[in-house]
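A.B. asks:
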Amino acid sequence: MNDTTNGLYNLLLWLWSTWSNLLRLGSQNGTGLFSNWGGGGGVRRGSNGGNGVQPKVKDITERFLEAARELKTGELVQDPNFTLLEAVGALEIMDPKMDSGLMEQDAFENYDVLAPRLPEEIIGILDQLLSHEVAWHTGSALSQTLFTSLYLDRLLSPAPSSLAEAGFGKLMHGQQIRTFEEGLLHKILRSYCIGLVKCVHHVNLQIQLENLRTMKDAQHSSHCIYEEEDIVLQTYNVALLERIPSSEALSLLTETIEWLKHIKTEIEPQIYEALFARLKFRRNFLAALATPLDNYADDKVPTAAWTDAQDALQVIKETHKLGKEVPEACTIVVQRKLASTVPPRPMVEYAFEEAVATLERMLKRNLEALKVLEYRGGADLYNYFIHFMAQNPQPLPYTRSLLRGLAFNKGQFLGKVPVKDVVLSDINELIFPREIVFDPKHKEVEMPAHPSFKINQVTEWYLLRASSLYCQLFTDQAMNRSRFRRNLCHSIIEWDNFQVEAEECDANLADLTNETPLSKDQSYSYVLSSWVYLYKLRLLEWVVFLGFELEIYQPYEYSGMFWLAQFYARARLSHLVRISEFSKVRTPPSGLSREEAQDWQKRKLLNIALLNYHMLDARAIEALSSASMSLYSVLTHLRLIPLPYANSYASDELRYELRMKPFQQVVSPQIEPFPRAPEECFRPGTFRDEFACEEDFTEWVEQKLEEAKVAVSYCRLDYNELCKMEGMVGMGLAGDEIKANYKLLLRSCVGMSLAVMALQMAMKKGEVAKCEVRIDAEKYHPFFPVPVVSTKK
Amino acid sequence: MTTTLQSSLQTSAQPEPYRPRKDYRKTHPFLTPLLLKTIRITTRDNRIFVGSFKCTDRDCNIILGPTHEYRVEGGQSATGKKVDLSSLGRSRFLGLVCVPGGEVVKIELEEEGEHTE
Numbered sequence: 001m002n003d004t005t006n007g008l009y010n011l012l013l014w015l016w017s018t019w020s021n022l023l024r025l026g027s028q029n030g031t032g033l034f035s036n037w038g039g040g041g042g043v044r045r046g047s048n049g050g051n052g053v054q055p056k057v058k059d060i061t062e063r064f065l066e067a068a069r070e071l072k073t074g075e076l077v078q079d080p081n082f083t084l085l086e087a088v089g090a091l092e093i094m095d096p097k098m099d100s101g102l103m104e105q106d107a108f109e110n111y112d113v114l115a116p117r118l119p120e121e122i123i124g125i126l127d128q129l130l131s132h133e134v135a136w137h138t139g140s141a142l143s144q145t146l147f148t149s150l151y152l153d154r155l156l157s158p159a160p161s162s163l164a165e166a167g168f169g170k171l172m173h174g175q176q177i178r179t180f181e182e183g184l185l186h187k188i189l190r191s192y193c194i195g196l197v198k199c200v201h202h203v204n205l206q207i208q209l210e211n212l213r214t215m216k217d218a219q220h221s222s223h224c225i226y227e228e229e230d231i232v233l234q235t236y237n238v239a240l241l242e243r244i245p246s247s248e249a250l251s252l253l254t255e256t257i258e259w260l261k262h263i264k265t266e267i268e269p270q271i272y273e274a275l276f277a278r279l280k281f282r283r284n285f286l287a288a289l290a291t292p293l294d295n296y297a298d299d300k301v302p303t304a305a306w307t308d309a310q311d312a313l314q315v316i317k318e319t320h321k322l323g324k325e326v327p328e329a330c331t332i333v334v335q336r337k338l339a340s341t342v343p344p345r346p347m348v349e350y351a352f353e354e355a356v357a358t359l360e361r362m363l364k365r366n367l368e369a370l371k372v373l374e375y376r377g378g379a380d381l382y383n384y385f386i387h388f389m390a391q392n393p394q395p396l397p398y399t400r401s402l403l404r405g406l407a408f409n410k411g412q413f414l415g416k417v418p419v420k421d422v423v424l425s426d427i428n429e430l431i432f433p434r435e436i437v438f439d440p441k442h443k444e445v446e447m448p449a450h451p452s453f454k455i456n457q458v459t460e461w462y463l464l465r466a467s468s469l470y471c472q473l474f475t476d477q478a479m480n481r482s483r484f485r486r487n488l489c490h491s492i493i494e495w496d497n498f499q500v501e502a503e504e505c506d507a508n509l510a511d512l513t514n515e516t517p518l519s520k521d522q523s524y525s526y527v528l529s530s531w532v533y534l535y536k537l538r539l540l541e542w543v544v545f546l547g548f549e550l551e552i553y554q555p556y557e558y559s560g561m562f563w564l565a566q567f568y569a570r571a572r573l574s575h576l577v578r579i580s581e582f583s584k585v586r587t588p589p590s591g592l593s594r595e596e597a598q599d600w601q602k603r604k605l606l607n608i609a610l611l612n613y614h615m616l617d618a619r620a621i622e623a624l625s626s627a628s629m630s631l632y633s634v635l636t637h638l639r640l641i642p643l644p645y646a647n648s649y650a651s652d653e654l655r656y657e658l659r660m661k662p663f664q665q666v667v668s669p670q671i672e673p674f675p676r677a678p679e680e681c682f683r684p685g686t687f688r689d690e691f692a693c694e695e696d697f698t699e700w701v702e703q704k705l706e707e708a709k710v711a712v713s714y715c716r717l718d719y720n721e722l723c724k725m726e727g728m729v730g731m732g733l734a735g736d737e738i739k740a741n742y743k744l745l746l747r748s749c750v751g752m753s754l755a756v757m758a759l760q761m762a763m764k765k766g767e768v769a770k771c772e773v774r775i776d777a778e779k780y781h782p783f784f785p786v787p788v789v790s791t792k793k
Numbered sequence: 001m002t003t004t005l006q007s008s009l010q011t012s013a014q015p016e017p018y019r020p021r022k023d024y025r026k027t028h029p030f031l032t033p034l035l036l037k038t039i040r041i042t043t044r045d046n047r048i049f050v051g052s053f054k055c056t057d058r059d060c061n062i063i064l065g066p067t068h069e070y071r072v073e074g075g076q077s078a079t080g081k082k083v084d085l086s087s088l089g090r091s092r093f094l095g096l097v098c099v100p101g102g103e104v105v106k107i108e109l110e111e112e113g114e115h116t117e
């Protein structure tokens, strides 16, 4: 679209690809970093006929064979720096499983790209390409999807440098297209293919740019960097029409659409509609993808393009049946031409219906992602990210990259709000610190001995550090869920360290600002570390719950993990109570005008409301977790859930150590070592044996079930209330999602209470042995899988 | 580096460390000087592999370093006269490859300096 930005993009892309090539190559072929300096395809150095330099070649076949025969079996002549280990990575020529060059070329040569095609066949080819494109979006390599198309192969193989050169051959140079038949191939298919390639190019570019940005953002933290791993960005050295500006491709598509309209009368109406929708979809899709993210900030948001693409997709779906498949237009034999060190791979079959469904979802979510542009504060954005990324199935890599790219541009939120301001506003909303702490007037003081100067120093340092950790949270969320959990485990340690540092800052500030402690226990407010601790506790809860979502835990571990969840939720609740104690007794600073005082009161009320909301949330999570904990420990000890296999390598203690690894490194709240961990939750095999008699055990079970029942009933009340809440602070952007989430939690709640009732009934009748338990994670909240209790017949 | 590692292992007490048989590496008056030189291998299916010579054995299985593949198309025989690589069009980069001895038809050595015809 915009040429200067394009230039910049290309430069960044180049930097990125050089870097990633270096990284990638080391692992892919054993030959080390410098093996790929020859580049991908193209002509090798020294063999270039163009400059007339030809290396002298000597036939040494006979002497070589003779010499080799002089070696004994098992002896090698070998470059001393070359190890046999490396040799394992060598591609074995003539091995059909490894050597992609061995593939039969018949399919390749026999297919005539220029042969006239029926309109139905063209529709079939276009739909096939669409399926392949979606397959690529969902993680398959280009070599197994789009690049198998012989049309794309013909279009891209001589690496066209201008629009005029990009074609299937003949006819393209100056000659006029007269008939519909000719136009089908050389206008419709050609412009569609060019648009498609440009789409792939833009998606590729966006994700690579985002990778690059993530890397730059993370420079200052000890975080590991991961590239987006759910999409294959490798293009096998095929140029994706980088030299043709998207604007040209767009106008080509528009031109083709006009041409099609012009000859409308010659075509069957249904066919016309089908072709028209496909071209329209491609044009809008490309227009949306090609808009640089920087332009979004200037209100050039391609909303219309996305919605038009959605509409066109509906027609494509309806008219798919008109198409006639041309299976021979795609072949994996194309792989023999691609610069790749991997063995040949089969073509990916992606059903058209599924592809359209995925694409529909993608378009919808891309549109949704544009919502972040209505930025209403850090907490809001944060909530939005949480719920956007938690969708199932997770948004595709492009959508995630788009959202992150929009939210974070040029190291700022939406390219205009500095992260520091966002953190500050979040602290103000959540903690409501005394004005003196973050008073902007401190900045004006230049005397190092002055308290204001020192306060500014402390808070500036704190905000800088907090911003980088805060940013990291957004980056982590843009990863896939498993990677997100792994990264969170690392982040938690950083937050934990930061909390210690922030406490020091707070102690300093209390001195510098002459803070008066709350009278009852002589404690200071510790605003800075309070914020850090609150976030850390949320992250800890997340790590525990994501384990449920990702099905990491075994059923017999559930009670232990729910114990941990309620432990953290409880800590969060009491921390929130502490914060609110301080903010409740705050009095307005002196010297405010009437309006200012009103504003101050309003902010205080908002803060209290927000804290109440968070307390309610934490209390509900705590109650539901404790109920689940009791329920699952009863199920475990009643032996309704399979126990871990007994073997000499595993023990309850070892399992505990392993599970608690990410949590044990955290200083506060500290997790107890195994001997002091609650036995009912962490000793699935042996806990029951400790009861003196069966009656005691029964009594324990009944007591636990009663506890679960009470907890569940409390949390049902809380969730009912949360579902009804309107216009809560921080509910802005993601309001609907938050509500849906609470409904789902409520459903889990109901599920748990049903299970408790069923068990209580069975206990009463003495039919526990007849019960069967199935764990259902599908219908309920992913964080709270529910046991479904039924009786065997 | 290998020797220092070896010796350090030997000086450390018990148990006898694993040592690979070293005598499988041979020097050969003709083959050893060829190492790391660029050679061209023509295979039976009319492909030419150009890369730096890394390793070979009695059966003439050859391992080539960063290798480019050229394809001699259209019935033209690669075994015959000298083939001009630049006339073959695009090459394909393959990395490290192992060409089985049985498939080798012709082995050529690229020498320094320019080709004079």
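So the sequences go chain by chain: D and F.
The UniProt record's numbering numbers the first residue of the first sequence as 1 and each following residue consecutively.
The UniProt record's numbering numbers the first residue of the second sequence as 1 and each following residue consecutively.
The beta-carbon is built from N, C-alpha and C at its ideal position, and this holds for glycine as well.
Is R71 of chain F helix, strand or coil by DSSP?
C.D. replies: As a first step, residue 71 of chain F is located in the second sequence; it is residue number 71 there, counting from the start. Three-state result, R71 of chain F: strand.
A.B. asks: For V99 of chain F, return the contacting residues in chain D, with the cut-off set at a CB-CB distance below 7 angstroms.
C.D. replies: Start at 1 with the first residue of the second sequence, and residue 99 of chain F comes out as number 99. Result: I93.
A.B. asks: In three-state DSSP terms, what is G169 of chain D?
C.D. replies: The sequence position of residue 169 of chain D within the first sequence is 169, counting from 1. It is coil, neither helix nor strand.
A.B. asks: For I107 of chain F, go through chain D and note every residue whose CB falls closer than 7 angstroms to its CB, in chain order.
C.D. replies: Indexing the second sequence from 1 puts residue 107 of chain F at position 107. Chain D residues near I107 of chain F: I60, T61 and F64.
A.B. asks: By how many angstroms is the C-alpha of P55 of chain D removed from the C-alpha of G46 of chain D?
C.D. replies: What you label residue 46 of chain D is simply residue 46 of the first sequence in a count that begins at 1. What you label residue 55 of chain D is simply residue 55 of the first sequence in a count that begins at 1. Annotation note: pLDDT 40 at G46 of chain D (below 50); position unreliable, coordinate value reported separately. Near 7 angstroms, if we compare the C-alpha coordinates of P55 of chain D and G46 of chain D.
A.B. asks: Can you grab the Cα-Cα spacing for the pair N46 of chain F / L189 of chain D, in whole Å?
C.D. replies: For the purposes of this step, residue 46 of chain F is taken as the residue at position 46 of the second sequence. For the purposes of this step, residue 189 of chain D is taken as the residue at position 189 of the first sequence. Distance between the alpha carbons of N46 of chain F and L189 of chain D is about 35 angstroms.
A.B. asks: Give me the residue from D:V458, D:R117 and D:C199 with the minimum Cα distance to V134 of chain D.
C.D. replies: Numbered from 1 along the first sequence, position 134 holds the residue referred to as residue 134 of chain D. Here the closest residue by C-alpha is D:C199.
A.B. asks: With a threshold of 16 other CB atoms inside 10 Å of the CB of A277 of chain D, please say whether the residue is buried or exposed.
C.D. replies: To locate residue 277 of chain D, count along the first sequence from 1; it is residue 277. Under this definition A277 of chain D is a buried residue.
A.B. asks: Strictly below 9 angstroms CB to CB, what residues from chain F border G751 of chain D?
C.D. replies: The sequence position of residue 751 of chain D within the first sequence is 751, counting from 1. Here the premise fails: no neighbours, minimum Cβ distance about 54 angstroms.
A.B. asks: Kindly identify the DSSP beta-bridge partner or partners of T38 of chain F.
C.D. replies: Along the second sequence, one-based indexing puts residue 38 of chain F at 38. In the DSSP output, where bridge partners are listed per residue, T38 of chain F has F:S52.
A.B. asks: Applying the 10 Å Cβ sphere with the 16-neighbour rule, what's the burial state of residue 807 of chain D?
C.D. replies: Residue 807 of chain D cannot be examined here, being either before or after the span of chain D that is shown, 1 to 793.
A.B. asks: Do you know whose CA, among D:C193, D:H781, D:V788 and D:Y742, lies nearest A758 of chain D's CA?
C.D. replies: Translated into positions along the first sequence, residue 758 of chain D becomes position 758. Measuring from the Cα of A758 of chain D, the nearest candidate turns out to be D:V788.
A.B. asks: Could you please give the first and the last residue of the uninterrupted beta strand (DSSP E) stretch that includes S790 of chain D?
C.D. replies: Here residue 790 of chain D refers to the residue found at position 790 when the first sequence is read from its first residue. Unbroken beta strand (DSSP E) run through S790 of chain D: V786 to T791.
A.B. asks: For A620 of chain D and Y719 of chain D, which I take to be in contact (beta-carbon distance under 8 angstroms), what is that distance rounded to the nearest angstrom?
C.D. replies: Here residue 620 of chain D refers to the residue found at position 620 of the first sequence. Here residue 719 of chain D refers to the residue found at position 719 of the first sequence. With a Cβ gap of about 6 angstroms, A620 of chain D and Y719 of chain D count as contacting.
A.B. asks: Considering only their Cβ atoms, is the gap separating A734 of chain D from H387 of chain D smaller than 9 angstroms?
C.D. replies: Within the first sequence, the letter at position 387 stands for residue 387 of chain D. Within the first sequence, the letter at position 734 stands for residue 734 of chain D. In contact: H387 of chain D and A734 of chain D (Cβ atoms closer than 9 angstroms).
A.B. asks: Using 10 angstroms around the beta-carbon of H262 of chain D, count the other beta-carbons present and answer buried if the total reaches 16, otherwise exposed.
C.D. replies: Locating residue 262 of chain D in the first sequence gives position 262, where the first residue counts as 1. So H262 of chain D counts as exposed.
A.B. asks: Would you call A609 of chain D buried or exposed, if buried means 16 or more other Cβ atoms sit within 10 Å of its Cβ?
C.D. replies: Looking up residue 609 of chain D in the first sequence gives position 609. Flag for A609 of chain D reads exposed.
A.B. asks: According to the neighbour-count rule (16 or more other Cβ atoms, all chains shown, within 10 Å of its Cβ), is residue 825 of chain D buried or exposed?
C.D. replies: Absent from the model: residue 825 of chain D. The displayed extent of chain D is 1 to 793, so no value can be given.
A.B. asks: Quick one: does A390 of chain D have its CB under 9 angstroms from some CB of chain F?
C.D. replies: Taking the first sequence and counting its residues from 1, the one referred to as residue 390 of chain D is at position 390. No, no contact with chain F.
A.B. asks: For the stretch 124-190 of chain D, list the alpha helix (DSSP H) runs that are entirely contained and at least 4 residues long, ordered along the chain.
C.D. replies: Qualifying alpha helix (DSSP H) stretches, in chain order: 150-156 and 180-183.
A.B. asks: Name the residue from D:M94, D:F783, D:S633 and D:E228 whose alpha carbon lies nearest to the alpha carbon of W542 of chain D.
C.D. replies: Within the first sequence, residue 542 of chain D is the residue found at index 542, counting from 1. Of the listed residues, the one whose Cα sits closest to W542 of chain D is D:F783.
A.B. asks: Report the neighbours of I63 of chain F on chain B: residues whose CB is nearer than 8 angstroms to its CB, in chain order.
C.D. replies: Here the protein chains are D and F, and chain B is not one of them.
A.B. asks: So what does E653 of chain D bridge to, in DSSP terms?
C.D. replies: In the first sequence, residue 653 of chain D corresponds to position 653, counting from 1. DSSP, once it has assigned bridges, lists no residue as partnering E653 of chain D.
A.B. asks: Less than 8 angstroms between the CB of V750 of chain D and some heavy atom of the ligand MG, yes or no?
C.D. replies: Among the components of this structure there are no ligands whatsoever, and the ligand MG is therefore not found.
A.B. asks: Within this structure, are the beta carbons of K280 of chain D and I257 of chain D separated by less than 9 angstroms?
C.D. replies: Walking along the first sequence from the start, residue 280 of chain D turns up at place 280. Walking along the first sequence from the start, residue 257 of chain D turns up at place 257. Contact: yes.
A.B. asks: Would a check of beta-carbon distances place E111 of chain F closer than 9 angstroms to chain D?
C.D. replies: As a first step, residue 111 of chain F is located in the second sequence; it is residue number 111 there, counting from the start. Yes, contact with chain D.
A.B. asks: I want to see whether chain F comes within less than 9 angstroms of D511 of chain D, judged by CB atoms only; does it?
C.D. replies: Taking the first sequence and counting its residues from 1, one reaches residue 511 of chain D at position 511. By this cut-off, D511 of chain D is not an interface position.
A.B. asks: What number of angstroms, rounded off, separates the C-alpha of R486 of chain D from the C-alpha of P662 of chain D?
C.D. replies: The residue given as residue 486 of chain D occupies position 486 in the first sequence. The residue given as residue 662 of chain D occupies position 662 in the first sequence. When rounded, the distance between both Cα atoms is 9 angstroms.
A.B. asks: For T636 of chain D, tell me which candidate among D:F691, D:Y556 and D:S583 has the shortest Cα-Cα distance.
C.D. replies: Within the first sequence, residue 636 of chain D is the residue found at index 636, counting from 1. It is D:Y556.
A.B. asks: Residues of the stretch 223-244 of chain D in Cβ contact with chain F at a cutoff of 7 angstroms, in chain order, please.
C.D. replies: For the stretch 223-244 of chain D, which is checked against every Cβ of chain F, not one residue is closer than 7 angstroms.
A.B. asks: How about G732 of chain D: is its C-beta nearer than 9 angstroms to some C-beta of chain F?
C.D. replies: Position 732 of the first sequence, counting from 1, holds the residue named residue 732 of chain D. So no, G732 of chain D is outside the interface.
A.B. asks: For R25 of chain F, which residues does DSSP report across the bridge?
C.D. replies: Along the second sequence, read from residue 1 onward, the residue named residue 25 of chain F stands at position 25. R25 of chain F pairs with D:L76.
A.B. asks: Which residues does DSSP list as the beta-bridge partners of R92 of chain F?
C.D. replies: Here residue 92 of chain F corresponds to residue number 92 of the second sequence, with the count starting at 1. Partner(s): F:E69.
A.B. asks: What are the residues in the stretch 64-79 of chain D lying within 9 angstroms of chain F by C-beta distance?
C.D. replies: Residues passing the 9 angstroms Cβ filter: F64, L65, E66, A67, A68, R69, E70, L71, K72, T73, G74, E75, L76, V77, Q78 and D79.
A.B. asks: Quick check on this structure: which residue in D:L638, D:E622, D:K739 and D:D496 has the alpha carbon closest to the alpha carbon of V667 of chain D?
C.D. replies: Here residue 667 of chain D refers to the residue found at position 667 of the first sequence. Comparing Cα-Cα distances from V667 of chain D to each of D:L638, D:E622, D:K739 and D:D496, the minimum goes to D:D496.
A.B. asks: Three Cβ pairs or more, each shorter than 8 angstroms: is that satisfied between the stretch 437-448 of chain D and the stretch 388-401 of chain D?
C.D. replies: Flag = no, the stretch 437-448 of chain D and the stretch 388-401 of chain D do not touch.
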